[in-house]
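Note sheet for the following structure.
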Amino acid sequence: MGKTLVVGDLHCKMSLVLPRVTDTALSHCCDSIVLSGDLCDDWGVDGRAMVRQLEYAAEWKAKAEALKLRVTVLMGNHDAAYLGLASYGFTNEDVREEVAALLSDGLGVRVAAVVDGRLVTHAGLTGAWAHHAGIEEGTEAGGVAAHLNDMYVDRAQWRSLISCGPARHGWGLPGPLWADRRELLCDPFPGLSQIVGHTPIETASSYEAESGESCWFLDTMSLYRSGRPIGDATALVAGHGETEVVPLFDEWESAVMDFCEW
Numbered sequence: 001m002g003k004t005l006v007v008g009d010l011h012c013k014m015s016l017v018l019p020r021v022t023d024t025a026l027s028h029c030c031d032s033i034v035l036s037g038d039l040c041d042d043w044g045v046d047g048r049a050m051v052r053q054l055e056y057a058a059e060w061k062a063k064a065e066a067l068k069l070r071v072t073v074l075m076g077n078h079d080a081a082y083l084g085l086a087s088y089g090f091t092n093e094d095v096r097e098e099v100a101a102l103l104s105d106g107l108g109v110r111v112a113a114v115v116d117g118r119l120v121t122h123a124g125l126t127g128a129w130a131h132h133a134g135i136e137e138g139t140e141a142g143g144v145a146a147h148l149n150d151m152y153v154d155r156a157q158w159r160s161l162i163s164c165g166p167a168r169h170g171w172g173l174p175g176p177l178w179a180d181r182r183e184l185l186c187d188p189f190p191g192l193s194q195i196v197g198h199t200p201i202e203t204a205s206s207y208e209a210e211s212g213e214s215c216w217f218l219d220t221m222s223l224y225r226s227g228r229p230i231g232d233a234t235a236l237v238a239g240h241g242e243t244e245v246v247p248l249f250d251e252w253e254s255a256v257m258d259f260c261e262w
């Protein structure tokens, strides 16, 4: 296995960001790309604009795969609402079916992936949630990812997948689509390094939990309500036991402020 470019939340900025993702992956000799979820929704985005962005993403995925880049798209909490995992969320109801089809058929979303021995999910795997979901301590990243992806196939498990903890105003255990950074770092799944998006951060960064597990956080492209960026649009190249933070844009703030798809 070679190197992988892992990219954080896109939130309807696919036509702006994904060309840079391809260029960055190729320039860093990556053979695969993982998008960590939350392609859907952003401040002020209407349903038709979101559909156009998802159509662009599906076309981009096909073109990237024609370049021999393996592309994996993960599900975020915003995406899950359109896929029917939740009756609540941040949904444009009028395009729910179109969005669900694009996520499922066009992008083939799943819950988890493995990059260089690290588990990649949208929000992270906490120990308490994993225990409740029947994932035994000591399970390696590949086994955990398979378990999580099997849960998505089984509709009876959907309620567990969308479990949300108190840090995000929920009443359940912090699950892999909703866990906040604080919840993940307080209770990471033992012995497993992780890569996540979900919690906005200024630059792609690694944190070490008190118990020793490392967690990379990559949600560097989310926006304030004003449209100004929270982060710097950095991503992560991982492979052969090494990691490198890479910028997707030279001037991210000006690029995203000029982007007016909606």
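The UniProt record's numbering applies: residue 1 is where the sequence shown begins, and numbers increase by one.
All residues carry an ideal CB built from backbone N, CA and C; glycine is no exception.
From a predicted model like this one, the values you see are computed outputs, not experimental measurements.
Across the structure, L119 and V21 are spaced so that their CA atoms are roughly 21 Å apart.
Assigned with DSSP and collapsed to three states, Y224 falls in coil, not helix or strand. DSSP places G239 within a strand segment (E or B) once states are collapsed to three. In the DSSP assignment, R70 is bridged to S32.
For C186, the enclosing alpha helix (DSSP H) has its first and last residue at R181 to C186. For Y207, the beta-bridge partners assigned by DSSP are C215. By a beta-carbon distance limit of 8 Å, S104 does not contact Y56. Their separation comes to about 17 Å. Between M221 and S193, the alpha-carbon positions lie close to 23 Å from each other. Counting only the Cα atoms, D94 lies some 13 Å from V45.
Inclusion of G8 and L218 in the CB contact set at 8 Å is warranted, their separation being smaller than that value. Per the C-alpha coordinates, the member of V246, C40, S206 and Y224 positioned closest to V73 is C40. Between I135 and H147, the beta carbon gap of about 6 Å places them in contact (Cβ cut-off 8 Å). Between the C-alpha atoms of W252 and D232 there is a straight-line separation of about 6 Å.
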